[in-house]
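Q:
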Amino acid sequence: MSLITPGDGILEAEVTHISKHGFWLLLAERELFLPFSEFPWFREAAISAILNVQWLQPHHLYWPDLDVDLEVEAIEHPDRYPLIAQSGISQL
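Using our numbering, you'd call the opening residue of the sequence shown number 218 and step up by one each time.
Right, here's the structure in full:
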C-alpha cells in the first residue's frame, strides 16, 4: 500500500509581476505573460483578485474573485483563441 503525503500533487501558480501592460504568471518552470490587450478581464481588476489564482489542473486556471477560467493553451497561444470579451452591454 502506498500513502500519499498531504499536499503532494498540488499545482501552484504565482503572479510574479504586474505592469500597466499585463502580468506574468509562473506555472512550475514556465513563466507566461498575460497582456491586458488579450485578456481584458484583468485590466480593471484589483491586484488582490489577480493574485488569487488557482491552478486546478495542468491545463486549467481559475481566478475565483473574477470568475475567470482560462486554459493554459489560451495563454500560450492567444492567436488560436481570438475571441475577446467586451466590457459592459453594447447599445443597439
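For glycine and all other residues, C-beta sits at the position ideal for the given N, C-alpha and C.
Under 7 angstroms, do L249 and G239 count as touching if we go by C-beta distance?
A: Counting from 1 along the sequence shown, the entry for residue 249 is found at position 32. Counting from 1 along the sequence shown, the entry for residue 239 is found at position 22. Contact: no.
Q: For L242, count the other beta carbons within 10 Å of its own beta carbon; 16 or more makes it buried, fewer makes it exposed. Which is it?
A: Here residue 242 corresponds to residue number 25 of the sequence shown, with the count starting at 1. Flag for L242 reads buried.
Q: In whole angstroms, what separates the C-alpha of E293 from that of P281?
A: Counting from 1 along the sequence shown, the entry for residue 293 is found at position 76. Counting from 1 along the sequence shown, the entry for residue 281 is found at position 64. Between E293 and P281, the C-alpha separation is close to 21 angstroms.
Q: Can you name, in chain order, every residue of its own chain whose Cβ lies under 6 angstroms from the Cβ of V234, other than the five neighbours on each side?
A: Residue 234 sits at position 17 when you count from the first residue of the sequence shown. Rather than Val, the amino acid found at residue 234 in this sequence is His. Excluding residues within five positions, the ones whose Cβ falls inside 6 angstroms are W241.
Q: Determine the contact status of A262 and L287, defining contact as a CB-CB distance below 7 angstroms.
A: Indexing the sequence shown from 1 puts residue 262 at position 45. Indexing the sequence shown from 1 puts residue 287 at position 70. Against a cut-off of 7 angstroms, the Cβ pair of L287 and A262 comes out as no contact.
Q: In three-state terms, what does DSSP make of L278?
A: Residue numbering aside, residue 278 sits at position 61 when the sequence shown is read from its first letter. Here L278 sits in strand by DSSP.
Q: List, from N- to C-terminal side, the beta strand (DSSP E) runs of 3 residues or more that fit wholly inside the segment 228 to 287.
A: Correct list: 230 to 235, 239 to 244, 247 to 252, 271 to 274, 277 to 280.
Q: Whole angstroms is fine: what's the gap from L273's alpha carbon to Y279's?
A: Numbered from its first residue, the sequence shown carries residue 273 at position 56. Numbered from its first residue, the sequence shown carries residue 279 at position 62. If I take the Cα positions, the gap works out to 7 angstroms.
Q: Under 7 angstroms between the Cβ atoms of V289 and H276?
A: Working through the sequence shown from its first residue, we reach residue 289 at position 72. Working through the sequence shown from its first residue, we reach residue 276 at position 59. In this structure, H276 lies closer than 7 angstroms to V289 by Cβ.
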